[in-house]
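So for the sequence shown, numbering that gives the first Met the number 0 puts the first residue at 0; every next one is plus one.
See structure below.
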Amino acid sequence: MSGSVTGRGRLLPTLREGVVMLVALAVWLGVTAVCVGFRPEHLYLAALIAVLFFAAPVTRRLVVALLPFIVFGISYDWMNIVPNYEVNAVDIEGLYNSEKSLFGITVADGAVKTPNEFFAMHNAPWVDALAGFFYLCWVPVPILFGLCLYMARQDKVYLHFALVFLLVNLLGFAVYYIHPAAPPWYVAKYGFDFIAGTPGDVAGLGRFDEMTGWGVFDALYARNSNVFAAVPSLHSAYMLIAFIYSLRARCSNVVRVLFAIITLGIWFTAVYSGHHYLIDVSLGILTALVGTALFEWGLMRIPAFRRFVDTTYCNYISN
């Protein structure tokens, strides 16, 4: 990349850039086809990336700018290669008991329930509607925020945000393999027995699907890479990262307040819908904070890394 900064306006990429892109796409498709299972959308996405990369300088810069999000998507998909429950034992009953011990709610008959169990007994249509809309924001809003930063030529803030987003995901994925954990809906549906290859479940978000008739969450969770990936809750991390970087970007206070509301709404929905315990949400928040600190006060203090991000990478993608 460094050797092509001065040639960023050329119609076609350099030979080296073109070869690197084509080889990377071939490796991705090959590994995916052999180890995960090929789907038509893999080919469509690869074709789109290739067309944008070779079409024009402006679309090539966009593809390079979006690489952190592309790598995130591929990494998530590749978790299907080796399920985390084949690496370490799944925490099911221990996490449930810890949640009940720390955050248990005593109900009328004297029984102690986890917050998820409490909300399963006490829910309302208007809360289901809000919860569904909040959860629909967990990835689209951060990515849209990143695109807005890029289009507004806030390149350095965009790159820091995008790379922290990727780093937080990689940290979370690592924990998934170190400590596989079942979500609350799994305990409600299957108890404490481990069942390999359990399919994803919409849990409480099914009420939103029924209300709207969209079936959006059913479609999303049908493709869940691994249901035993409840700790940490990365759903709880994404909007927090967007909110943090909205404070650094040239944003209106209205946007920042909206991001804060969505962040809190996602935290609530994660528990309300039965997809995460409060422990998961807390660790998701911690992962976002640790990832941000590690990037800004760790990696960015390495001179070579800082030059790459703030100079080489930033100059390449600048509009």
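We treat Cβ as the ideally placed atom computed from N, Cα and C, and that holds for glycine.
For residue j and residue i, the rounded distance between their alpha carbons
i	j	result
Phe117	Val126	14 Å
Val163	Tyr189	36 Å
Phe52	Pro12	8 Å
Val19	Ala64	16 Å
Leu42	Ile80	18 Å
Leu257	Val33	43 Å
Val4	Leu61	Its pLDDT being 44, under 50, Val4 is placed unreliably by the model, and the measurement read from it follows with that caveat. Val4 and Leu61: Cα-Cα distance of roughly 14 Å.
Arg255	Tyr237	14 Å
Thr268	Trp213	18 Å
Val226	Lys99	21 Å
His178	Leu219	24 Å
Leu148	Tyr276	33 Å
Ala303	Ala180	37 Å
Val30	Lys112	44 Å
Leu204	Phe216	7 Å
Gly297	Pro124	45 Å
Ser317	Asn115	46 Å
Glu40	Leu24	14 Å
Gln153	Tyr315	13 Å
Gly2	Arg38	Any answer about Gly2 is weak, because its pLDDT of 42 lies below 50 and its placement is not dependable; what the coordinates show is given next. So the alpha carbons of these two residues sit roughly 35 Å apart.
Ala259	Pro141	12 Å
Thr105	Met210	30 Å
Ala161	Leu239	13 Å
Ile91	Ala107	26 Å
Beta-carbon spacing of residue i, residue j below 8 Å
i	j	result
Ile288	Leu166	With the sequence shown as reference, residue 288 is identified as Leu, and Ile is not the correct amino acid for it. Their beta carbons are not under 8 Å apart, which means Leu288 does not touch Leu166 by this criterion.
Pro182	Ala229	yes
Phe207	Ala128	yes
Asp279	Ser232	yes
Tyr312	Leu158	yes
Gly273	Ala187	yes
Ser235	Gly283	yes
Asn168	Ser74	yes
Tyr175	Asn83	yes
Span of the alpha helix (DSSP H), counted from its first residue to its last, around residue i
i	result
Pro67	Leu66 to Trp77
Arg152	First-last for Arg152: undefined, no H or E at that position.
Ile316	Cys313 to Ile316
Glu98	Glu92 to Phe102
Ala241	His234 to Arg247
Ser281	Leu277 to Trp296
Tyr189	Pro183 to Tyr189
Tyr220	Val215 to Tyr220
Ala180	Counting along the chain, Ala180 falls outside any alpha helix (DSSP H), and DSSP gives it neither H nor E.
Gly212	First-last for Gly212: undefined, no H or E at that position.
Thr262	Asn252 to Tyr271
Leu18	The sequence as given places Val at residue 18; Leu does not occur at that position. First-last of the alpha helix (DSSP H) with Val18: Leu14 to Val30.
Classification of residue i by the beta-carbon crowding that lies within 10 angstroms, buried from 16 upward
i	result
Tyr252	A small correction: the amino acid at residue 252 is Asn; Tyr does not occupy that position in the sequence shown. Flag for Asn252 reads exposed.
Thr291	buried
Ile301	exposed
Asp192	exposed
Gly171	buried
Phe71	buried
Thr286	buried
CB contact below 8 Å: residue i versus chain C
i	result
Asn168	In summary, chain C is missing from the structure at hand, where a single protein chain is found.
Any non-hydrogen atom of the ligand ATP within 7 Å of residue i CB
i	result
Val50	As for the ligand ATP, it is missing from this structure, which has no ligand bound.
Checklist entry - Is the segment 43–52 close to the segment 77–95, with three or more CB pairs under 8 Å? => result no
Item to check | Any 3 or more C-beta pairs closer than 8 Å across the segment 258–271 and the segment 119–139 | outcome: yes
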